[in-house]
Every structure is written in C-alpha cells, then in structure tokens.
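Colleague:
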Amino acid sequence: MVAQILTYPYLNRTLGSEIYGEIILQQIIVFHLQMIVFFGTDLSVVRLAAKYSTSYKKLKILVSKIILGRFYISLIISLSYVIYIYCSGLNDWFYFFVFSIFEAVITLRWFYHGIQQLNKFTLPFCLVRFLGVLLLFIFVNTQDDWYKVIIITVLSSLLSVIVSFYSYYVKYNLTYIKFRQIYIIFSDSFSLFATNIVSVIKDR
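For the record, in the sequence shown the residue sitting at position 64 is 64 according to the UniProt record's numbering, with numbers rising by one throughout.
1) Can you tell me which of the three DSSP states Gln34 falls into?
2) Can you tell me the Cα-Cα spacing of Phe130 and Ser80, whole angstroms?
3) Grab the span of the alpha helix (DSSP H) containing Ile115 for me, first residue to last.
4) What is the rounded straight-line gap between the Cα of Tyr56 and the Cα of Ile24?
5) For Lys178, does the three-state DSSP call read helix, strand or coil?
6) Going straight from the alpha carbon of Ile73 to that of Ile182, what length do you get?
7) Where Gly21 and Ser53 are concerned, what is the direct C-alpha to C-alpha distance, given to the nearest angstrom?
8) Whole alpha helix (DSSP H) runs in the region 51–101 with 4 or more residues, listed along the chain?
9) Should Tyr84 be listed as close to the ligand FMN, given that the test is whether its C-beta is under 7 Å from any heavy atom?
10) Under the assumption that Ser64 contacts Leu174 (Cβ atoms under 8 Å), give the Cβ distance between them as a whole number of angstroms.
11) Restricting to Cα atoms, I'd like to know which of His32, Trp146 and Tyr176 is closest to Asn91.
12) Under DSSP, the alpha helix (DSSP H) around Phe165 begins and ends at which residues?
13) To the nearest angstrom, how far is the alpha carbon of Leu155 from that of Asn12?
14) Taking only the alpha-carbon atoms, compute the straight-line gap between Ile66 and Phe179 and give it to the nearest angstrom.
15) With C-beta atoms as the reference, is Thr14 less than 8 Å away from Val98?
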C-alpha cells in the first residue's frame with residue numbers, strides 16, 4: 001500500500017491513466033485471488049504457531065500443511081486467472097501476475113508472528129519492497145516501459161517473501177503431509193475465509 005502511494009503519481013503520469021489503471025486492476029484482482037489461496041489460514045494458524053513455538057517438529061508439520069494446502073489451491077486459482085487473461089485479450093505480459101498468486105503460498109508472516117519473531121519477516125519484506133520502488137523510478141521512464149512495472153512489482157513482491165521463507169527453510173525444512181491432514185486444517189479455517197469474503201463484498 002505504501003509503495004503504491006509513493007509511485008502512483010509518477011506512474012500515472014508516465015504511463016497514462018488507461019495503462020496504469022489496467023495494471024492496478026490486475027493487482028486488485030490478484031490480491032483477492034490471494035485471499036482465496038490463504039483460505040482463512042493466515043489468521044487461524046497464528047495461534048497454532050504460538051502454541052507450538054517450542055516444538056521444532058510440530059512447527060515443521062504445521063508450516064508444511066499450510067504451504068502444501070495453499071500450493072494445491074494456488075494451482076487451481078492460477079489456471080483460472082490464466083484463462084481469464086486469455087479470454088480478456090490482455091497483453092501477454094499480464095500472465096506474469098500469475099507468479100504473484102504463488103506469493104501467497106510461501107509468505108510466512110503468520111509463522112513469524114506466531115513465534116514472536118516478526119522482525120525476521122518485516123525487515124527483508126520492507127527492504128525488498130523499498131528496492132522495488134526505487135527500481136520503478138529508475139527503469140520506468142516512458143509509456144513503452146509499462147511492462148517493466150509488472151515485472152518489477154511481481155519480482156519484488158516474490159523476493160520480499162522468499163528471503164524470510166529461505167530463513168525458515170534453512171532451520172526447519174519441509175515434510176510431506178497426507179492430503180487428509182491438509183484438508184482438516186483448511187476446513188477448520190473455512191469460517192474465517194467466509195467471513196473475509198463477506199467483509200470484502202460489503203466493502204464493495
């Protein structure tokens with residue numbers, strides 16, 4: 001949000017309201033698709049992460065459940081988004097936003113929040129996002145550079161969560177989880193997911 005506030009006047013002036021408006025629209029769509037990938041787990045599992053904060057094995061299993069579950073959902077959502085882009089006749093560069101959907105898979109803000117080490121997430125997140133803003137000002141100079149906005153935005157968003165994910169992976173790694181276990185934890189989060197969806201609809 002802060003990044004958009006900083007870059008909006010410049011990008012709107014440089015790219016024009018029509019092109020930049022389409023980019024913003026796709027960002028909004030992807031944001032809501034990420035909510036589906038989260039499926040309410042971004043709220044429900046913070047408590048579990050706090051509960052298991054002293055257990056290496058339980059944390060590893062918990063994170064593996066969430067990442068695998070979100071990955072399965074993101075495959076379906078990404079396919080739907082690709083079909084939408086194709087049917088809309090948008091430029092092929094907009095397919096690049098698919099990678100932003102997978103950002104929701106590996107973001108571990110909830111994990112670091114639960115174990116009370118949120119700085120390990122927020123510090124690299126903010127630094128990489130700030131770098132992304134700088135790159136927009138440096139490389140986007142004319143209307144023909146509009147596709148660079150998509151590339152820089154998507155890559156900086158991905159990198160901002162990859163750094164903290166790598167930090168987790170080095171210490172905990174991941175483990176295989178049976179689909180039934182994944183289904184249980186996501187079904188328990190359905191009420192939160194439904195509440196989020198209703199809130200979004202009301203806000204519109």
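We put the CB at the ideal spot given by N, CA and C, even for glycine.
Modeller: Looking at the coordinates:
1) helix
2) 31 Å
3) Note, Ile115: premise wrong, no alpha helix (DSSP H); not H, not E.
4) 40 Å
5) coil
6) 11 Å
7) 43 Å
8) 56–88
9) As far as ligands go, the structure on display features none, and thus does not contain the ligand FMN.
10) 5 Å
11) Trp146
12) Trp146 to Tyr172
13) 20 Å
14) 11 Å
15) no
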